[in-house]
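Asker:
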Amino acid sequence: MTIKAGDKIPSIELKTMTSDGPDGITTDDLFNGKKVILFGLPGAFTPTCSAKHVPGYVQHADAIKAKGVDTIACISVNDAFVMGAWGKDQNVGNKVMMLADGSAEFTKAAGLELDLVARGMGVRCQRFSMIVDNGVVQSINIDEGTFDKTSAEQAISDLG
Ligand code: BEZ
Numbered sequence: 520m521t522i523k524a525g526d527k528i529p530s531i532e533l534k535t536m537t538s539d540g541p542d543g544i545t546t547d548d549l550f551n552g553k554k555v556i557l558f559g560l561p562g563a564f565t566p567t568c569s570a571k572h573v574p575g576y577v578q579h580a581d582a583i584k585a586k587g588v589d590t591i592a593c594i595s596v597n598d599a600f601v602m603g604a605w606g607k608d609q610n611v612g613n614k615v616m617m618l619a620d621g622s623a624e625f626t627k628a629a630g631l632e633l634d635l636v637a638r639g640m641g642v643r644c645q646r647f648s649m650i651v652d653n654g655v656v657q658s659i660n661i662d663e664g665t666f667d668k669t670s671a672e673q674a675i676s677d678l679g
């Protein structure tokens, strides 16, 4: 079942890339006591994700954080090496945390799988964005095929 408003974020360990290599980070550490915008997408270096989705959050990071958001994080079913390289390519700096869900554990626990097997990409993550307050989903938007509901601009509007 797909995660929805009012649900607790599943407790999973994700990976981030650091100067010392991949490091684990738990969702509890990420979300507890914080307001977080988490957005997910089908894959690092894919056209829409690289040209629109991530750049929008980088561009609007200050406006999002001005609305009381502590962390903006991007998650994808890719390994930490790929997410680290993509973050550098996108110049995310400290604006957007790049989270690797390499074995799709978070994606599956949240019911956000996207079957791209026929396209040679395996099981990936749907394009979504959510506002999470202290580990509880406040709102979630999911894009099916298009890119409109999960943009940074929509997140700013949803934050009120
Ligand atoms: C994209 O452009 O974001 C995309 C392309 C192929 C598969 C999934 C996503």
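Heads up, the numbering used here is the position in the sequence shown plus 519, with the first residue counted as 1. All C-beta atoms in this analysis are idealised placements derived from N, C-alpha and C, irrespective of residue type, glycine included.
(1) For A599, count the other beta carbons within 10 Å of its own beta carbon; 16 or more makes it buried, fewer makes it exposed. Which is it?
(2) Tell me which residues share the same chain as D547 and place their Cβ nearer than 8 angstroms to its Cβ, disregarding the 5 neighbours each side in the sequence.
(3) According to DSSP, what are the bridge partners of M520?
(4) Which of the three DSSP states, helix, strand or coil, is assigned to T545?
(5) What three-state label does DSSP hand G525 in the structure shown?
(6) Any heavy atom of the ligand BEZ closer than 7 angstroms to the Cβ of L618?
(7) Indicate whether K554 and I591 have their beta-carbon atoms separated by less than 8 angstroms.
(8) What whole-angstrom Cβ distance do V656 and Q609 have, given they're in contact under 8 angstroms?
(9) For P477, which of K527, A628, A619 has the nearest alpha-carbon?
(10) Below 8 angstroms between beta carbons: does that hold for L635 and F647?
(11) Can you list, in chain order, every residue whose CB sits closer than 5 angstroms to a heavy atom of the ligand BEZ?
(12) Among residues of its own chain, excluding the 5 on either side of W605, which ones have a beta-carbon nearer than 7 angstroms to its beta-carbon?
(13) Kindly indicate which three-state DSSP category M640 falls into: helix, strand or coil?
(14) Can you tell me whether D598 is helix, strand or coil according to DSSP?
(15) Between which two residues does the beta strand (DSSP E) harbouring F558 extend?
Answerer: So, to answer that:
(1) buried
(2) S530, G654
(3) Paired residues: none, contrary to the question.
(4) strand
(5) coil
(6) no
(7) no
(8) About 25 angstroms separates the two Cβ atoms, so there is no contact after all.
(9) The chain is shown only over 520 to 679; residue 477 falls outside these bounds and no answer can be derived.
(10) no
(11) P561, T565, P566, T567, C568
(12) A563, F564, M617
(13) coil
(14) coil
(15) 554 to 559
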